[in-house]
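K.L.:
Supplied in C-alpha cells, the structure appears directly below.
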Amino acid sequence: MIPFRRQVLLKAFKLVDLTIMAFSYLLASWACSRPSGTLSFEQFLSLQISINDISFFLCLLLVWRILFSLCGLYRSRRISSLKGEALDLFKATSFGTGALLISARVFGIEMITPLFLAVFWPVVTGVAVSSRLVLRWGLTWIRLGGRNLRHVLIVGTNEMGIRLARTTEAIPRLGYRLIGFVVREGEEIQKARETGYPLVTDFKGFPSFLKDRAVDEVWFGLKRESAKGELSGIIDFCRKYGIITRFFPRTFNPEKTLLDGMSFDSGSVYTLYPAPIEDRQFLEKHVVDLFLSLTLLLLLSPLMAIAAILIKATSPGPVFFIQERMGLNRRRFRLYKFRTMILGADQMLPELEHLNEISGPVFKIKDDPRLTRIGRLLRRTSIDELPQLFNVLKGEMSLVGPRPLPVRDYNGFEQDWHRRRMCVPPGMTCLWQVNGRNSIPFDKWMELDLQYIDQWSLRLDFEILLKTVPAVFRGSGSA
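Residue numbers in the sequence shown follow my numbering, run continuously in steps of one, and reach 840 at the last position.
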C-alpha cells in the first residue's frame, strides 16, 4: 500500500500527463488542419468530430496511461536524476507516438500524417519533461522547507541501519527525516554513540518515547525472522500505535530501495501496515473531504457569521477557541472551534474533575458551569464545531474519523491499543458520536474508533455523515 499523500500525487501525475498528451494532440491536429494558414483556433474547435475520432482518442488515452506506467514513470523518483527520468519520458512518448501511427493506419485515421507526428512528438516530450522539472523543483523546495516529510526511527546500529541513516541524511530531498536510533542496553549503546547519530531511546524506553513523538515509520536493518523477544515487543507496540514498520535485509541497496517508493511487500523489504485501507479509497475520502468542506463553508458562512457576532456581543473574549489536539501519528495541530466558555475556563478544570460524567481520561459534563448562555446553544446544535471545516481544508482533519483529543486526554491513556486510533486522520464526526456519545464507556468509545479503522470504506463515511444529522437534532452530535 502506497502512503496516502503519495497516492494523491500519483493521481495528479497521471492527470497532468494525460492533459499534456491531449493538448499536444489538439495542437498537432490544428497545425495539420490549416494548410492555407487561414483557419483560426476557434474555427478548428467548431469542426465536426466523428464518433470514430472520439473512440480513437479515448483508446489513445488508455494506451498512453499504460505506456507511462510500464516505463516506470509513476514510481517514486525521490533520488533518481532528472536525466534518468527524462530518458524514461523519451521512451514512453516515442513508444506512444509509434503506437499512434500504427493505430491510425489500422483504423484509417487520415489526420495522423507525418506533419502531425512532427508536431505532436516534440511538443508532448518537451512539455512532459518540463512539467517533471517544475515538479521536482517544487517538491525539493517543500521538503527542504520541512514539509512532506516522513519521520523515521531506526532500530539497531548495525551496518544496514547506518547505511539507511547516511542515505537519508545525504539526500534531504528524499523527504525522510531521521529522528534517531533505538538500541539495546549495554555495549550497543556505546557503539551507537560512536556513529554520531542521535540515540533517542533504548528498547525499554521505546513505548514511552512513542507516546509523545510524531513517528511515521520504524525501520529494522535485520531479517524479520530474527525479530524475537524484545524486538517482537517493539513490533507489537508499533502495531498498537498505528506506525508502519519495515524490515531491510543486509543484502539490499538503500538508494535503489528508497527509489522504489517503499512498496516492498513483494520484494526484498517487508512492510507491515497498521490499517487495511486501500489507497484508491483513501484518495476518494480526501477528495470528498475537500469538496464537502468547501461546499459547507460556503453554504454555512452566514450562520457562522451570526454565531461570531453573538459570541462577541454576549461575552468578553475571542470568537474562536483554539486548542492543541493530537492528530495523525501523534502530530499536534491547532483545532478551531467557536468559543462556548467563559475566559479562564481551562484554569477551572481541576475544581470540576470530580463532576466528570464519562469514564477514562476524558472530561465531559452535561451542565458545565463554564458555558456561556450562547455557548450552550452552540454546543447543543453543534454549531461550535463548524470552524473545524478549516482544519479539514488544511488536511489536518477529515469529515469522518476518530475525534481529535486534547493533549491532556491523550496523556491519560492507560492502554497502548487506544493509540492505534491515530493511524488515520481525526474527524469531525465518528461512530462514537452517532451511537450514544457520552453514554458510552471510554473503552467502548476506543473500540468503536478501531472498528471504524478496520472496516473503513467510503460508504461507511457517508453512513456516519447521514446519521450525524439526526444526532445533532437530538443534541448528541457534538463533542
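Glycine included, C-beta positions come from ideal geometry on N, C-alpha and C.
For the alpha helix (DSSP H) that residue 481 lies in, which residues bound it at each end?
P.N.:
Numbered from its first residue, the sequence shown carries residue 481 at position 120. Looking at the DSSP string, the run of the alpha helix (DSSP H) that includes residue 481 is 475-505.
K.L.:
For residue 464 and residue 651, I'd like the C-alpha separation in whole angstroms.
P.N.:
One-based indexing of the sequence shown puts residue 464 at position 103. One-based indexing of the sequence shown puts residue 651 at position 290. If you take the alpha carbons of residue 464 and residue 651, they lie about 40 Å apart.
K.L.:
What does the Cβ neighbour count give for residue 432, buried or exposed, with the cut at 16 atoms within 10 Å?
P.N.:
In the sequence shown, residue 432 corresponds to position 71, counting from 1. Result: buried.
K.L.:
In the DSSP assignment, find the alpha helix (DSSP H) that holds residue 770 and state where it starts and stops.
P.N.:
Position 409 of the sequence shown, counting from 1, holds the residue named residue 770. Residue 770 -> alpha helix (DSSP H) spans 768-772.
K.L.:
Any chance the stretch 472-480 sits against the stretch 516-535, with 3 or more Cβ pairs inside 8 Å?
P.N.:
The stretch 472-480 makes no contact with the stretch 516-535: fewer than 3 CB pairs, one atom from each, lie closer than 8 Å.
K.L.:
Under three-state DSSP, which class holds residue 790?
P.N.:
Position 429 of the sequence shown, counting from 1, holds the residue named residue 790. It is a strand residue.
K.L.:
Excluding the 5 residues flanking residue 745 on each side, which residues of the same chain have their C-beta closer than 7 Å to its C-beta?
P.N.:
Along the sequence shown, read from residue 1 onward, the residue named residue 745 stands at position 384. For residue 745, the CB contacts under 7 Å within the same chain, skipping 5 residues up- and downstream, are 698, 699, 701, 739 and 839 in chain order.
K.L.:
My assumption, with CB atoms under 8 Å, is that residue 776 sits in contact with residue 792. Please give the rounded CB distance.
P.N.:
Translated into the one-based positions of the sequence shown, residue 776 becomes position 415. Translated into the one-based positions of the sequence shown, residue 792 becomes position 431. Wrong, their Cβ atoms sit about 18 Å apart, outside the cutoff.
K.L.:
With a threshold of 8 Å on Cβ separation, who are the neighbours of residue 375 within its own chain once the five nearest residues in sequence on each side are excluded?
P.N.:
In the sequence shown, the residue the question calls residue 375 occupies position 14. Cβ within range, chain order: 426, 429 and 435.
K.L.:
Would you give the residue range spanned by the beta strand (DSSP E) that residue 633 belongs to?
P.N.:
Residue 633 sits at position 272 when you count from the first residue of the sequence shown. Its beta strand (DSSP E) spans residues 631-633.
K.L.:
Alpha carbon to alpha carbon, how far is residue 381 from residue 688?
P.N.:
Locating residue 381 in the sequence shown gives position 20, counting from the first residue. Locating residue 688 in the sequence shown gives position 327, counting from the first residue. Straight-line Cα distance between these residues: approximately 37 Å.
K.L.:
Using 9 Å as the threshold, is the C-beta distance between residue 510 and residue 541 below it?
P.N.:
As a first step, residue 510 is located in the sequence shown; it is residue number 149 there, counting from the start. As a first step, residue 541 is located in the sequence shown; it is residue number 180 there, counting from the start. The answer is no: Cβ separation not under 9 Å.
K.L.:
Let me know if residue 530 comes out buried or exposed under the rule of 16 or more other beta-carbons within 10 Å of its beta-carbon.
P.N.:
If you number the sequence shown from 1, residue 530 lands on position 169. The residue in question, residue 530, is exposed, as its Cβ has fewer than 16 Cβ neighbours within 10 Å.
K.L.:
May I have the straight-line CA-CA distance separating residue 491 from residue 557, to the nearest angstrom?
P.N.:
Position 130 of the sequence shown, counted from the first residue, corresponds to residue 491. Position 196 of the sequence shown, counted from the first residue, corresponds to residue 557. Roughly 40 Å separates the two Cα atoms.
K.L.:
Quick check: residue 303 and residue 571, are their CB atoms within less than 9 Å of each other?
P.N.:
An answer regarding residue 303 cannot be provided, because it is not within the stretch 362 to 840 covered by the chain.
K.L.:
What would DSSP say about residue 758, mapped onto helix, strand or coil?
P.N.:
Within the sequence shown, numbered from 1, the residue matching residue 758 stands at position 397. DSSP places residue 758 in coil when its eight states are reduced to three.
K.L.:
Quick check: residue 354 and residue 779, are their CB atoms within less than 9 Å of each other?
P.N.:
Any property of residue 354 remains undetermined from this structure, which presents the chain solely from 362 to 840.
K.L.:
On a Cα-Cα basis, can you pick out the residue from 801, 818 and 742 that is closest to residue 829?
P.N.:
In the sequence shown, counting from the first residue as 1, residue 829 sits at position 468. When each option's Cα is compared against that of residue 829, the closest is 742.
K.L.:
I want to know whether the stretch 727-737 touches the stretch 669-680 - three or more CB-CB distances under 8 Å.
P.N.:
yes
K.L.:
Can the beta-carbon of residue 695 be found less than 9 Å from the beta-carbon of residue 684?
P.N.:
Sequence index remark: in the sequence shown, residue 695 carries index 334 (1-based). Sequence index remark: in the sequence shown, residue 684 carries index 323 (1-based). Cβ atoms of residue 695 and residue 684: closer than 9 Å.
K.L.:
Reducing DSSP to helix, strand and coil, say where residue 517 ends up.
P.N.:
Here residue 517 refers to the residue found at position 156 when the sequence shown is read from its first residue. The answer is coil: DSSP assigns residue 517 none of H, G, I, E or B.
K.L.:
Counting only runs of 4+ residues fully inside the stretch 420-462, write out the alpha helix (DSSP H) ranges in chain order.
P.N.:
Taken in chain order, the stretch 420-462 contains no complete alpha helix (DSSP H) segment of 4 residues or longer.
K.L.:
In angstroms, rounded to a whole number, what distance separates the CA positions of residue 706 and residue 665?
P.N.:
Residue numbering aside, residue 706 sits at position 345 when the sequence shown is read from its first letter. Residue numbering aside, residue 665 sits at position 304 when the sequence shown is read from its first letter. So the alpha carbons of these two residues sit roughly 23 Å apart.
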